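Some notes on the structure that comes next.
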Amino acid sequence: MSSLSFPVLLWLFIAAMALHNLEESIYLPSWPGFGLGGRLRISAFAFGFAANTLTVLAVVCAALAQSGGAGGLGMYLVCGFALAMVLNVVFPHLLQTLWTRSYAPGVGTAALLNLPTGTLLLAKAFDARLIDPQRFLTTGPLTIAAIVALIPLLFRIGDALETAIGGTSCRSHAHIPNSLSRHTNPDEFQ
Numbered sequence: 188m189s190s191l192s193f194p195v196l197l198w199l200f201i202a203a204m205a206l207h208n209l210e211e212s213i214y215l216p217s218w219p220g221f222g223l224g225g226r227l228r229i230s231a232f233a234f235g236f237a238a239n240t241l242t243v244l245a246v247v248c249a250a251l252a253q254s255g256g257a258g259g260l261g262m263y264l265v266c267g268f269a270l271a272m273v274l275n276v277v278f279p280h281l282l283q284t285l286w287t288r289s290y291a292p293g294v295g296t297a298a299l300l301n302l303p304t305g306t307l308l309l310a311k312a313f314d315a316r317l318i319d320p321q322r323f324l325t326t327g328p329l330t331i332a333a334i335v336a337l338i339p340l341l342f343r344i345g346d347a348l349e350t351a352i353g354g355t356s357c358r359s360h361a362h363i364p365n366s367l368s369r370h371t372n373p374d375e376f377q
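Quick note on the working numbering: the sequence shown kicks off at 188 and runs consecutively.
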């Protein structure tokens with residue numbers, strides 16, 4: 188077990204997640220395997236918006252965990268984020284790297300930063316009895332499900348913001364309906 192305190196591990200995990208999401212935001216949109224090899228139309232702006240919003244949500248959960256203490260909602264949420272980022276090493280990053288036989292942006296920071304900090308954070312939370320293992324069997328997967336469900340919504344909001352500030356979202360060009368966007372005619376952007 189790590190000799191680092193839970194608060195130190197907590198903020199190391201948040202820093203690791205932020206660096207991971209930054210790497211993805213910078214390099215993933217130009218990677219040939221991004222968006223299932225082009226089958227999903229996601230702009231770099233929308234992806235960056237989603238990744239950065241998730242990072243901010245993790246920071247909020249970490250602050251809630253620190254202020255709420257053992258057994259609090261924030262503690263379960265931040266530990267759910269840690270579980271999500273530990274699993275994120277394999278799915279999608281490691282699987283993408285193996286499938287495409289190329290470096291999938293994010294696999295390095297996922298394996299070198301998120302895996303150890305997330306694992307240590309969870310171990311410390313269990314060891315210090317900051318979360319109940321039985322309760323986490325429910326809250327951990329629910330947190331992951333909420334994160335996964337939030338991602339498409341964040342992409343759509345990112346698209347709408349990009350369009351609103353004068354950019355051209357991928358959904359607009361692909362004729363994919365975007366009810367959040369006021370622009371539905373791709374010719375407006377030509």
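For each residue, glycine too, the CB sits at the ideal point set by N, CA and C.
Only a predicted model underlies this, so the values are computations on that prediction, with no experimental measurement involved.
Unbroken alpha helix (DSSP H) stretches of 4 residues or longer found wholly inside the segment 227–301: 231–255, 260–275, 282–287, given in chain order. Distance between T326 and P320, taken at the CA atoms: about 10 Å. Counting of Cβ neighbours within 10 angstroms places R343 among the buried residues, the total reaching 16 or more. For V243, the closest C-alpha among the options Y290, L209, A336, L309 is that of L209. If you draw a straight line from the Cα of F268 to the Cα of A351, it comes to about 30 Å.
Between A245 and L197, the C-beta gap is not smaller than 8 Å, which leaves the two residues out of contact. Exposure of L227 is indicated by the presence of fewer than 16 other C-beta atoms within 10 angstroms of its C-beta.
For D319, the three-state secondary structure derived from DSSP is coil. By the neighbour-count criterion, in which 16 or more other beta carbons inside 10 Å mark a residue as buried, I201 falls on the buried side.
In this structure, the straight-line span from the alpha carbon of P216 to that of G293 is close to 11 Å.
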